[in-house]
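Worksheet: the structure to be examined is printed underneath.
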Amino acid sequence: MMTTYFQMLARYNTLANRRLYGVCARLSDQERKQTRPAFFKSIHGTLNHLIVSDRVWMGRFEGQPIDSPQKDEILYDDFDQLWGARIEEDDRIEKFFSSITEEFLSGKIKYRDMEGRTHNDPVTLLVSHFFNKQTHHRGQIHDLLMQTEVAPPILDLHRIFRP
């Protein structure tokens, strides 16, 4: 069942984010915010982008009208506040996906993207994109951590869930 698969990805997302934030906490604020060759300019910027995009997608999944923020918006300048927001967002994601149904997954969602274009896409495509996007950006942060003295965490799905 797709519901079980997406519930597993929601749990993985939480566990991967915990590992990633735990490692990022070992960096100084200056290192996290240092401009590097990255789309969102820094580790801190990329962590913020993940919160921005998660909130946008969760709003769409929950059927809530949302304002589309800028992709590179810094919602939290303070790392501890950002980490707290990440924990809350991961809880929201897990709670939402714990109760999804096959009926929900078989539907479509009509939404406006950040460029103002309207789409009406299958839910399974959007949910797959949602989790893939998180993995993609964690991978970017993983690469940015390679440019520091702090080793990035292991984020492989099978290694996180391995007993």
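All the letters of the sequence shown, read from the start, carry residue numbers 10 to 172 under our numbering.
Positions of the beta carbon are idealized from the N, C-alpha and C atoms, including for glycine.
Since the model is a prediction, treat every value here as computed from it, not as a measurement.
DSSP three-state label for M121, please. Reading off the sequence, residue 121 comes out as Arg, not Met. In this structure, R121 counts as strand in the three-state DSSP scheme.
Going along the chain, which residues of its own chain have a beta-carbon closer than 8 Å to the beta-carbon of K50, five neighbours each way excluded? T44 and D81
Would a C-beta distance cut-off of 9 Å place K142 and V132 closer than the cut-off? no
Are the beta-carbon atoms belonging to G68 and I75 less than 9 Å from one another? yes
From which residue to which residue does the beta strand (DSSP E) around T127 run? T127 to P131
Of the choices E103, S108 and K119, whose alpha-carbon is the least far from that of Y21? E103
Quick one: measure Cβ to Cβ for T55 and Q149, integer angstroms, because I've assumed they're closer than 8 Å. 6 Å
Can you tell me the Cα-Cα spacing of H241 and M10, whole angstroms? Shown here, the chain extends from 10 to 172; a query on residue 241 therefore has no answer.
Just the Cα atoms here: how many angstroms apart are Q16 and D99? 12 Å
For F106, is the classification buried or exposed, using 16 other Cβ atoms within 10 angstroms of its Cβ as the cut-off for buried? buried
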